[in-house]
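*Asks:* The structure's right below; bear with me while I get my questions together.
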Amino acid sequence: MATPTATPTGTPTGTPTGAPASAVVRHLTVLYDAHCPLCVHIRHWLLGQRLLVPLRLVPAGSEAARRRYPLLDHAGTLRQITVVGDSGQVWSGTDAFIVCLWALAEHRPRANWLATPAGRPFARAAVYTASAWRSAVRADGEAEPEEPACDDQCAAPR
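Put into structure tokens, the structure is as follows:
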């Protein structure tokens, strides 16, 4: 997947899947695990941020996600964060995390730094930590579309 960086015009560049490298991003769709309390919390946090690029948040593995993106590996989108650009770009894991930050007004400078060789290990560590936490709250360590992430002690944020 492409590592996002900002160009002078502020569009992500790289070699996105299914789109030309020069494609302008007008909006991003974030596929998140709706059964994971951390993912739901981050979804709410993203919705409260000032956006430079509009975000659409769609539950990973849902019928809506399958209808919008029939060619995606939907089981994979439940294992790691996936972001889809409106021109067909697809980012997952660390790249998706960076793209999400890149869309936010307050965090774009940090996203640009995280996309560099110096910052990338920090982005990778953040994604690894979130993934490890998600696995810890699941009994079998795998995300399944119909399986809740944890018991009633893990309430979603309001």
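Counting from 3, one number per residue, gives the positions in the sequence shown under our numbering. Using N, Cα and C, we set each Cβ at its ideal position, and we do this for glycine too. If you're wondering where the values come from, they're calculated on a predicted model, not measured in any experiment.
1. If we call anything under 9 Å between Cβ atoms a contact, is leucine 54 one with leucine 106?
2. Does DSSP put valine 27 in a helix, a strand or coil?
3. Is it buried or exposed for histidine 37, if we count other Cβ within 10 angstroms and need 16 for buried?
4. Below 7 Å CB to CB, which residues in the same chain sit around arginine 28 once its five sequence neighbours on both sides are set aside?
5. Hey, could you find the ends of the beta strand (DSSP E) glycine 87 is sitting in?
6. Can you tell me whether alanine 127 is buried or exposed? The criterion is at least 16 other CB atoms within 10 Å of its CB, across all chains shown.
7. Between Val26, Ala134 and Ala66, which has its C-alpha nearest proline 56's C-alpha?
8. Taking only the alpha-carbon atoms, compute the straight-line gap between alanine 95 and glutamine 82 and give it to the nearest angstrom.
9. Report the partner residues of leucine 57 according to the DSSP bridge assignment.
10. Which residues in the same chain have their Cβ closer than 6 Å to the Cβ of alanine 134, if we skip the five residues on either side of it in sequence?
*Replies:* With the structure as the only source:
1. yes
2. coil
3. buried
4. Asp88
5. 84 to 87
6. By the C-beta density criterion, alanine 127 is exposed, having fewer than 16 other C-beta atoms within 10 angstroms.
7. Here the closest residue by C-alpha is Val26.
8. Per the sequence shown, the amino acid found at residue 95 is glycine instead of alanine. Straight-line measurement puts the Cα of glutamine 82 at about 5 Å from the Cα of glycine 95.
9. Leu30
10. If you ignore the 5 residues before and after alanine 134, its C-beta comes within less than 6 Å of no other C-beta in its own chain.
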